[in-house]
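Engineer:
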Amino acid sequence: MGTVTSTPATPSATDQARRTLNRVLSFIFRFQSFFGLIIVFILAIVYSPVRNGDNIFMSERNLSNVARDVAETGILATGQLLVILIGGIDLSVGSVVALTATGTAYLLMREGSLSLPLLGTLDVSPMSAEMAIGVILVLGLIIGWWNGWTSERFKIPSFVTTLAMLSIARGLAHIWSDNIAVPISYRAGGADPSFEILRERIYNNIIPVPAIIMFAAAFVMALVLRYTSFGRHLYAIGGNQTASRLSGISVTRIKIAAFMLCSFFAAMAGIVHAAQLNQGSPNEAVGYELNAIAAVVIGGASLMGGKGTIIGAIAGAFILGILDNMLSLNNVDSNTQLVVKGLLVLGAVALQQFRPRDVE
Amino acid sequence: MVEQPMHMQATAEAHTAPPILSMRSITKRFPGVIALDGVTFDVHPGEVHALVGENGAGKSTLMNIMSGVYTDFEGQIVLNGETVHFHNPRDAQKAGIVMIHQELNLVPELTVYENIFLGREHKSFGSIINRRSMRRTAQKLMFDLGLDIDPNRPINRMRVGQRQLVEIAKALNLNSRIIIMDEPTSALSDAEVEYLFSVIRNLRAHDVGVIYISHRLDEIFSIADRISVLRDGKVVGTSMAKDISRQELINSMVGRSLDVLYPKEAVELGDTILKVDHLSLRQGRTQVLDDISLEVRRGEIVGVAGLMGAGRTQLLETIFGVYPHGQASGTVWFDGQQRDIRTPKEAIELGIGLIAEDRKGQSLVLEQPVTENATLAALREFFYFLNIIDHRAERKAVTEIVDDLNIKTPSIRTMVANLSGGNQQKVVIAKFLLAKIKLFLLDEPTRGIDVGAKAEVYHLIGELAQQGTGFLLVSSELPELLAVCDRILVLCNGRLTGEFPRGSFDQAAIMEAATRFNDAENGPSQQQE
Numbered sequence: 001m002g003t004v005t006s007t008p009a010t011p012s013a014t015d016q017a018r019r020t021l022n023r024v025l026s027f028i029f030r031f032q033s034f035f036g037l038i039i040v041f042i043l044a045i046v047y048s049p050v051r052n053g054d055n056i057f058m059s060e061r062n063l064s065n066v067a068r069d070v071a072e073t074g075i076l077a078t079g080q081l082l083v084i085l086i087g088g089i090d091l092s093v094g095s096v097v098a099l100t101a102t103g104t105a106y107l108l109m110r111e112g113s114l115s116l117p118l119l120g121t122l123d124v125s126p127m128s129a130e131m132a133i134g135v136i137l138v139l140g141l142i143i144g145w146w147n148g149w150t151s152e153r154f155k156i157p158s159f160v161t162t163l164a165m166l167s168i169a170r171g172l173a174h175i176w177s178d179n180i181a182v183p184i185s186y187r188a189g190g191a192d193p194s195f196e197i198l199r200e201r202i203y204n205n206i207i208p209v210p211a212i213i214m215f216a217a218a219f220v221m222a223l224v225l226r227y228t229s230f231g232r233h234l235y236a237i238g239g240n241q242t243a244s245r246l247s248g249i250s251v252t253r254i255k256i257a258a259f260m261l262c263s264f265f266a267a268m269a270g271i272v273h274a275a276q277l278n279q280g281s282p283n284e285a286v287g288y289e290l291n292a293i294a295a296v297v298i299g300g301a302s303l304m305g306g307k308g309t310i311i312g313a314i315a316g317a318f319i320l321g322i323l324d325n326m327l328s329l330n331n332v333d334s335n336t337q338l339v340v341k342g343l344l345v346l347g348a349v350a351l352q353q354f355r356p357r358d359v360e
Numbered sequence: 361m362v363e364q365p366m367h368m369q370a371t372a373e374a375h376t377a378p379p380i381l382s383m384r385s386i387t388k389r390f391p392g393v394i395a396l397d398g399v400t401f402d403v404h405p406g407e408v409h410a411l412v413g414e415n416g417a418g419k420s421t422l423m424n425i426m427s428g429v430y431t432d433f434e435g436q437i438v439l440n441g442e443t444v445h446f447h448n449p450r451d452a453q454k455a456g457i458v459m460i461h462q463e464l465n466l467v468p469e470l471t472v473y474e475n476i477f478l479g480r481e482h483k484s485f486g487s488i489i490n491r492r493s494m495r496r497t498a499q500k501l502m503f504d505l506g507l508d509i510d511p512n513r514p515i516n517r518m519r520v521g522q523r524q525l526v527e528i529a530k531a532l533n534l535n536s537r538i539i540i541m542d543e544p545t546s547a548l549s550d551a552e553v554e555y556l557f558s559v560i561r562n563l564r565a566h567d568v569g570v571i572y573i574s575h576r577l578d579e580i581f582s583i584a585d586r587i588s589v590l591r592d593g594k595v596v597g598t599s600m601a602k603d604i605s606r607q608e609l610i611n612s613m614v615g616r617s618l619d620v621l622y623p624k625e626a627v628e629l630g631d632t633i634l635k636v637d638h639l640s641l642r643q644g645r646t647q648v649l650d651d652i653s654l655e656v657r658r659g660e661i662v663g664v665a666g667l668m669g670a671g672r673t674q675l676l677e678t679i680f681g682v683y684p685h686g687q688a689s690g691t692v693w694f695d696g697q698q699r700d701i702r703t704p705k706e707a708i709e710l711g712i713g714l715i716a717e718d719r720k721g722q723s724l725v726l727e728q729p730v731t732e733n734a735t736l737a738a739l740r741e742f743f744y745f746l747n748i749i750d751h752r753a754e755r756k757a758v759t760e761i762v763d764d765l766n767i768k769t770p771s772i773r774t775m776v777a778n779l780s781g782g783n784q785q786k787v788v789i790a791k792f793l794l795a796k797i798k799l800f801l802l803d804e805p806t807r808g809i810d811v812g813a814k815a816e817v818y819h820l821i822g823e824l825a826q827q828g829t830g831f832l833l834v835s836s837e838l839p840e841l842l843a844v845c846d847r848i849l850v851l852c853n854g855r856l857t858g859e860f861p862r863g864s865f866d867q868a869a870i871m872e873a874a875t876r877f878n879d880a881e882n883g884p885s886q887q888q889e
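Now the structure itself:
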């Protein structure tokens with residue numbers, strides 16, 4: 001029974017101490033991902049190899065690389081958080097990255113003619129960067145709508161519908177590219193050179209453009225979650241779907257919108273991915289969904305829905321990215337990195353169990 | 361003064377047998393709160409000891425200590441003359457103490473008998489589950505209890521009240537010596553309560569000690585031998601039931617005098633706000649509602665009486681647009697216009713609010729603050745433009761309504777899970793008030809909340825009625841309906857079987873109408889949702 005009306009407790013020393021401890025714990029857990037980030041950051045500095053008296057981890061170039069590597073996970077985590085907030089999960093984002101990266105490369109580079117049944121032959125030429133990006137983002141929305149609609153219409157858990165999409169999108173990527181990677185080149189007759197901006201670093205060649213995209217996406221979504229009814233309703237649906245419906249919220253519409261945004265951000269990550277690698281390959285981005293989910297969970301979100309923040313998810317993405325970077329700098333092989341990453345996710349979630357009950 | 365010796369006599373007589381269990385100077389602290397402060401409580405074999413008190417008085421905490429849920433406390437528990445210390449509920453169960461929780465602890469997907477034997481399955485050859493033996497035993501148990509419940513029925517196909525009875529059967533199956541019942545009747549119909557009481561009397565005859573927690577004073581006086589009152593974590597009095605009057609009991613519970621529990625405010629009735637014609641609801645082969653027509657006027661409180669499974673909840677839900685058009689039929693006029701309400705969203709936008717039966721499951725987002733819950737249905741009132749929320753206006757409105765409704769909460773950022781039942785219910789009411797509701801559909805609005813909070817809720821309803829809000833009020837507590845309603849409709853098996861204006865309320869006639877179609881079978885009806 002939630003006892004709120006308290007008898008004025010006689011302030012004993014232990015009581016006082018316990019209350020203080022509780023308050024400190026609440027504070028730490030509230031910003032759990034930040035404390036985690038600081039700890040990982042310090043560890044990375046301490047364990048970084050030193051060359052000519054310079055800490056390699058702290059070098060501009062390395063930090064810039066970390067930001068670039070985190071960008072895709074961060075964008076994916078932003079979308080994934082929305083779906084996790086409503087108590088769902090999207091397992092398809094890795095495949096969607098592969099599909100949209102392949103698609104982007106294809107649209108930028110296609111040439112010659114395309115023969116279609118019934119329609120005859122179509123003359124196709126490379127698309128402009130804006131056009132290609134627009135088409136791919138719309139493709140993302142369509143995939144997300146499909147994920148959301150099938151989940152809602154047939155009352156299938158999103159674990160299953162997006163697992164299906166994981167397979168479907170990967171298959172489509174292979175079909176689209178005929179099983180081979182599509183290279184992007186900026187020679188004459190090749191891709192629109194303005195697409196290359198996605199590979200650049202601005203401000204003294206330090207800040208990678210993908211990182212800016214990630215921060216912009218995260219910032220906008222953080223505002224949406226805090227200041228719009230859509231954001232408020234996501235949390236409410238995740239907390240109690242029945243109560244939300246009986247309070248007049250269009251539960252189905254909002255859930256579908258969450259899936260659409262998730263795949264939209266996956267498409268965005270796919271475009272960045274294609275630009276970074278200068279190609280679109282159907283075999284890329286395997287397991288990215290797990291990184292995105294791990295980032296969201298490390299950021300303090302609950303897989304039951306209703307709890308989680310964008311800032312946490314981005315911090316989670318950075319924790320994973322810095323950890324990867326730290327292990328690579330120390331020449332730890334990639335297999336061991338996977339093991340460490342797994343243990344980290346487990347530890348972060350286990351830590352949630354010590355969260356005091358009254359944390360807002 | 362003359363009565364004093366007699367009182368002593370009665371007490372001495374009851375105490376001849378030594379207590380089966382006594383709790384001595386129990387103190388339990390939670391961070392910042394002393395939930396129990398030196399509480400001493402005992403129970404004798406063959407006694408029904410009622411424990412009453414407002415929400416938050418410490419009843420549940422005391423019982424959780426007794427049943428081994430809380431193991432960290434000061435004081436001692438003496439069972440049959442020996443000091444015991446339980447490490448978990450299983451220890452307590454082994455010692456013969458079983459608690460039937462307010463929150464149901466059944467696995468919805470399993471059947472009745474599977475739940476009854478959960479963790480204690482009958483086995484043959486040491487490991488193979490013997491379903492036949494379990495079914496037979498469960499059948500016998502149901503027969504002994506006089507319950508008409510099929511042991512093979514899955515729990516999730518039963519109404520809350522029937523689940524409660526299964527929970528009780530499960531506890532009895534443990535051969536317990538002490539049974540703690542926390543609000544066992546909050547979801548039961550009168551007939552089921554009678555069943556329960558006969559079961560309790562039977563237990564008493566077998567020297568089982570029963571601890572009975574309830575907010576319903578009528579029940580306490582009809583079943584309890586002894587009554588203890590808890591207030592703010594202390595026992596303020598223990599007395600034999602026959603030595604204390606209802607008014608004395610209420611006074612000692614709330615610490616102040618509640619002159620009139622449910623005052624009826626005089627209200628000038630306005631024009632018709634809701635008119636329902638030939639409303640029917642059919643789910644699969646079950647005709648849940650059959651051709652129901654009714655009217656509610658502005659400022660009018662219309663009660664809906666009936667047994668469980670009569671279709672009361674579904675009536676409210678159908679008006680609220682919960683069911684798809686394939687299932688529901690009939691016409692609804694609201695505010696003078698015919699309306700086609702297909703979703704709860706449309707209902708709320710018109711000005712109809714439903715306060716559902718299951719507060720925690722259907723009305724609140726427990727893990728979110730008071731603010732978010734209070735504006736859940738009314739967010740559109742707080743937009744700058746587009747769908748951007750004006751947090752300051754929201755905060756202001758919530759602060760005001762928390763004040764108006766006297767919601768006791770440390771702050772508007774407190775999670776509603778941490779509020780007491782009565783205050784949670786007020787948050788639900790606040791949610792619809794902010795949404796500018798003109799007609800309230802209330803489903804058991806006072807279920808499981810204490811006397812003081814009940815009176816406050818009804819006072820609030822009266823005030824809103826004076827301002828012209830209409831009410832369709834479903835309640836299993838007939839005395840409450842009789843006290844506050846202008847008119848009472850009676851449902852039985854999905855049909856309207858009676859209508860009583862305030863001048864001619866008649867408890868017996870209402871009960872007759874509520875049971876008209878229940879043939880020989882008077883027990884808990886097998887009708888499902």
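First to last, the sequence lines map onto chains S and V.
FYI, the working numbering numbers position 149 of the first sequence as 149, with every residue one higher than the one before it.
FYI, the working numbering numbers position 283 of the second sequence as 643, with every residue one higher than the one before it.
No residue lacks a Cβ here, since even glycine has one placed at the ideal position from N, Cα and C.
Quick caveat, the model's predicted, so the values are computed rather than measured.
Just to make sure I have the definition right: I need the residues of chain V whose C-beta is within less than 9 Å of the C-beta of S:I310. Which are they?
Structural biologist: Your numbering for residue 310 of chain S matches position 310 in the first sequence. Within 9 Å of the CB of S:I310, no CB atom of chain V is found; the nearest one sits about 16 Å away.
Engineer: Going along chain S, which residues have a C-beta under 8 Å from V:V725?
Structural biologist: Locating residue 725 of chain V in the second sequence gives position 365, where the first residue counts as 1. What V:V725 touches in chain S: Y235, A236, G239, N240, A243, S244 and G306.
Engineer: For a contact meaning CB atoms closer than 8 Å, what does V:K796 contact in chain S?
Structural biologist: Taking the second sequence and counting its residues from 1, the one referred to as residue 796 of chain V is at position 436. The contacting residues do not exist; V:K796 stays about 12 Å from chain S at best.
Engineer: Quick check: V:V399 and V:K594, are their CB atoms within less than 8 Å of each other?
Structural biologist: Here residue 399 of chain V is taken as the residue at index 39 of the second sequence, counted from 1. Here residue 594 of chain V is taken as the residue at index 234 of the second sequence, counted from 1. Yes, the pair counts as a contact, with Cβ atoms nearer than the cut-off.
Engineer: Could you pull the start and end residues of the beta strand (DSSP E) that V:K635 belongs to?
Structural biologist: Locating residue 635 of chain V in the second sequence gives position 275, counting from the first residue. Element bounds for V:K635: T632 to Q643.
Engineer: Tell me which same chain residues have a C-beta within less than 8 Å of the C-beta of S:N283, skipping the five on either side of it?
Structural biologist: Stepping through the first sequence from its first residue, residue 283 of chain S is reached at position 283. Excluding positions up to five away in sequence, the list reads A98 and A181.
Engineer: Check each candidate in V:K388, V:P468 and V:V403 and name the one with the smallest Cα separation from V:D432.
Structural biologist: Sequence index remark: in the second sequence, residue 432 of chain V carries index 72 (1-based). The option with the nearest alpha carbon to V:D432 is V:K388.
Engineer: Anything in chain S within Cβ reach of V:P378, meaning under 7 Å, just list it in chain order.
Structural biologist: Locating residue 378 of chain V in the second sequence gives position 18, counting from the first residue. One finds nothing in chain S with a Cβ atom closer than 7 Å to the Cβ of V:P378; even the nearest lies about 31 Å away.
Engineer: Return no unless some Cβ of chain V is closer than 8 Å to the Cβ of S:R232.
Structural biologist: Here residue 232 of chain S refers to the residue found at position 232 when the first sequence is read from its first residue. Cβ-Cβ to chain V under 8 Å: yes for S:R232.
Engineer: What is the rounded straight-line gap between the Cα of V:G711 and the Cα of S:L351?
Structural biologist: Position 351 of the second sequence holds residue 711 of chain V. Position 351 of the first sequence holds residue 351 of chain S. Rounded to whole angstroms, V:G711 to S:L351 spans 45 Å at the Cα level.
Engineer: Should the segment 262–280 of chain S be regarded as contacting the segment 207–223 of chain S, the criterion being three or more beta carbon pairs within less than 8 Å?
Structural biologist: yes
Engineer: Compute the Euclidean distance between the alpha carbons of V:H409 and V:E717, then round it to the nearest angstrom.
Structural biologist: In the second sequence, the residue the question calls residue 409 of chain V occupies position 49. In the second sequence, the residue the question calls residue 717 of chain V occupies position 357. Those two C-alpha atoms are separated by around 29 Å.
Engineer: What does S:T20 touch in chain V if you count any residue whose Cβ is under 9 Å from its own?
Structural biologist: To locate residue 20 of chain S, count along the first sequence from 1; it is residue 20. Here the premise fails: no neighbours, minimum Cβ distance about 10 Å.
Engineer: Give a yes or no on whether the minimum CB-CB distance between V:K791 and chain S is below 8 Å.
Structural biologist: Against the second sequence, residue 791 of chain V aligns to sequence position 431. So, interface residue.
Engineer: Using C-beta distances below 8 Å, list every residue in its chain close to V:N490, excluding the 5 sequence neighbours before and after it, in chain order.
Structural biologist: The residue labelled residue 490 of chain V in the question sits at position 130 within the second sequence. Cβ neighbours of V:N490 within its own chain (closer than 8 Å, five residues either side excluded): E481, H482, K483 and S484.
Engineer: Is the beta carbon of V:Q382 sitting closer than 8 Å to the one on V:D397?
Structural biologist: The residue you call residue 382 of chain V lines up with position 22 of the second sequence. The residue you call residue 397 of chain V lines up with position 37 of the second sequence. The sequence shown places Ser at residue 382 of chain V, rather than the Gln named in the question. Not closer than 8 Å, so no.
Engineer: Give the single residue among S:I175, S:Y47, S:E289 and S:L91 whose Cα lies nearest to the Cα of S:N331.
Structural biologist: Reading the first sequence from its first residue, position 331 is the one you call residue 331 of chain S. Nearest option by C-alpha distance: S:Y47.
Engineer: Within 8 Å of any Cβ in chain V, is that where the Cβ of S:I249 sits?
Structural biologist: Residue numbering aside, residue 249 of chain S sits at position 249 when the first sequence is read from its first letter. It does: the Cβ of S:I249 has a partner Cβ on chain V nearer than 8 Å.
Engineer: Just to confirm the assignment, what range does the alpha helix (DSSP H) spanning V:F831 have?
Structural biologist: Taking the first residue of the second sequence as 1, we reach residue 831 of chain V at position 471. V:F831 -> not in any alpha helix (DSSP H); beta strand (DSSP E) instead, spanning G830 to V834.
Engineer: Just to confirm, are S:L139 and S:G103 a CB contact at a threshold of 8 Å?
Structural biologist: Stepping through the first sequence from its first residue, residue 139 of chain S is reached at position 139. Stepping through the first sequence from its first residue, residue 103 of chain S is reached at position 103. The beta carbons of S:L139 and S:G103 sit closer together than 8 Å.
Engineer: Output needed in chain order: residues of the segment 216–231 of chain S with a Cβ under 7 Å from some Cβ in chain V.
Structural biologist: Y227, T228, S229 and F230
Engineer: Measure the alpha-carbon distance for V:D695 versus V:Q687 and round it to whole angstroms.
Structural biologist: Taking the first residue of the second sequence as position 1, residue 695 of chain V is located at position 335. Taking the first residue of the second sequence as position 1, residue 687 of chain V is located at position 327. When rounded, the distance between both Cα atoms is 24 Å.
Engineer: Taking the continuous alpha helix (DSSP H) assigned at V:L856, which residues delimit it?
Structural biologist: Against the second sequence, residue 856 of chain V aligns to sequence position 496. Element bounds for V:L856: not the alpha helix (DSSP H) but the beta strand (DSSP E), R855 to P861.
Engineer: Does the beta carbon of V:E543 sit closer than 8 Å to a beta carbon anywhere in chain S?
Structural biologist: Sequence index remark: in the second sequence, residue 543 of chain V carries index 183 (1-based). Not closer than 8 Å to any Cβ of chain S, the Cβ of V:E543 fails to qualify, so no.
Engineer: For the alpha helix (DSSP H) that S:M221 lies in, which residues bound it at each end?
Structural biologist: Here residue 221 of chain S is taken as the residue at index 221 of the first sequence, counted from 1. Here the alpha helix (DSSP H) through S:M221 covers V209 to Y227.
Engineer: Going by beta-carbon coordinates alone, are V:M426 and V:I457 separated by less than 8 Å?
Structural biologist: The residue you call residue 426 of chain V lines up with position 66 of the second sequence. The residue you call residue 457 of chain V lines up with position 97 of the second sequence. Yes; because the gap between Cβ atoms is below 8 Å, this pair is in contact.
Engineer: Cβ of S:I136 within 8 Å of Cβ of S:G308?
Structural biologist: Residue 136 of chain S sits at position 136 when you count from the first residue of the first sequence. Residue 308 of chain S sits at position 308 when you count from the first residue of the first sequence. Result no, Cβ atoms of S:I136 and S:G308 do not sit closer than 8 Å.
Engineer: When the distance is taken between beta carbons, is V:N440 closer than 8 Å to V:I380?
Structural biologist: Locating residue 380 of chain V in the second sequence gives position 20, where the first residue counts as 1. Locating residue 440 of chain V in the second sequence gives position 80, where the first residue counts as 1. Yes, Cβ-Cβ distance for V:I380 and V:N440 is below 8 Å.
Engineer: Quick check on the DSSP output: the beta strand (DSSP E) that includes V:L411 runs from which residue to which?
Structural biologist: Working through the second sequence from its first residue, we reach residue 411 of chain V at position 51. Run containing V:L411: V408 to V412, per the beta strand (DSSP E) assignment.
Engineer: Can you tell me whether DSSP reads S:A181 as helix, strand or coil?
Structural biologist: If you number the first sequence from 1, residue 181 of chain S lands on position 181. In the structure shown, S:A181 falls within a coil segment according to DSSP collapsed to helix, strand and coil.
Engineer: Could you compute how far the alpha carbon of S:G190 sits from the alpha carbon of S:F264?
Structural biologist: For the purposes of this step, residue 190 of chain S is taken as residue 190 along the first sequence, with counting starting at 1. For the purposes of this step, residue 264 of chain S is taken as residue 264 along the first sequence, with counting starting at 1. Cα to Cα, S:G190 sits roughly 26 Å from S:F264.
Engineer: Does the beta-carbon distance from V:I748 to V:L765 come in below 8 Å?
Structural biologist: In the second sequence, counting from the first residue as 1, residue 748 of chain V sits at position 388. In the second sequence, counting from the first residue as 1, residue 765 of chain V sits at position 405. Not a contact, by the Cβ cut-off of 8 Å.
Engineer: Check whether the segment 310–330 of chain S touches the segment 53–70 of chain S, taking contact to mean three or more Cβ pairs, one atom from each stretch, closer than 8 Å.
Structural biologist: When C-beta atoms of the segment 310–330 of chain S are compared with those of the segment 53–70 of chain S, three or more pairs fall below 8 Å, so the two segments count as touching.
Engineer: Answer with buried or exposed for V:T806, where buried requires no fewer than 16 other C-beta atoms within 10 angstroms of its C-beta.
Structural biologist: Residue numbering aside, residue 806 of chain V sits at position 446 when the second sequence is read from its first letter. V:T806 should be labelled buried.
Engineer: State the DSSP-derived secondary structure class of V:E655, mapped to helix, strand or coil.
Structural biologist: As a position in the second sequence, residue 655 of chain V is number 295, starting the count at 1. Strand.
Engineer: Going by the CB atoms, is the gap between V:I540 and V:M459 shorter than 8 Å?
Structural biologist: Sequence index remark: in the second sequence, residue 459 of chain V carries index 99 (1-based). Sequence index remark: in the second sequence, residue 540 of chain V carries index 180 (1-based). It is a contact, given that the beta carbons lie within the stated cut-off.
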